[in-house]
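Residue numbers (UniProt numbering): 1 to 112.
So, in structure tokens, the structure goes:
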């Protein structure tokens, strides 16, 4: 009995296996799209968490009279949303470890 692999009988793709390969490729593509979608959603959630934390810190600064809210841009929250996660973390660090000069720097970052 000859080995069927050596004859190449099973090496030809059947119509059925080509259909399976196509479905598998489409499924992988859809999974990549879903993964990208949720990765982007997680980035947005992370940004919102950082923004919430920033707003809490700013509120505390306002309560302690370290910040004059009249100096803030009316679009402050929208400007925060436009920043990347890295920029938000940098801004949060500036606010956490600084005085009024740090706040001015933070507001300048927001105006960019």
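Ideal Cβ placement from N, Cα and C applies to all residues, glycine included.
Note that this is a predicted model, so its numbers are computed, not measured.
Taking the alpha carbon of residue i as the point to measure from, which residue in the options has its own alpha carbon closest?
i          : options           : result
residue 79 : 55, 93, 23 and 35 : 55
Terminal residues of the continuous alpha helix (DSSP H) containing residue i?
i          : result
residue 79 : 76 to 82
Mind reading off the beta-carbon distance from residue i to residue j? Whole number of angstroms is fine, and I expect it under 8 angstroms.
i          : j          : result
residue 92 : residue 59 : About 14 angstroms; that fails the 8 angstroms criterion.
residue 81 : residue 47 : 7 angstroms
Checking 8 angstroms against the spacing of the C-beta atoms, do residue i and residue j come in under that value?
i          : j          : result
residue 51 : residue 88 : yes
Closer than 8 angstroms, CB to CB, is residue i near chain C or not?
i          : result
residue 42 : Although the question refers to chain C, the structure presented lacks it and comprises just one protein chain.
Using a threshold of 7 angstroms, is the CB atom of residue i nearer than that to any non-hydrogen atom of the ligand SAM?
i          : result
residue 91 : Among the ligands in the structure shown, none appear at all, so the ligand SAM cannot be discussed.
Classify residue i as helix, strand or coil using the three-state DSSP reduction.
i          : result
residue 14 : coil
residue 1  : Here the model assigns residue 1 a pLDDT of 44, short of 50, so the residue's position is not dependable, and the following value carries that caveat. In the structure shown, residue 1 sits in coil (DSSP, three-state: anything other than H, G, I, E or B).
residue 20 : helix
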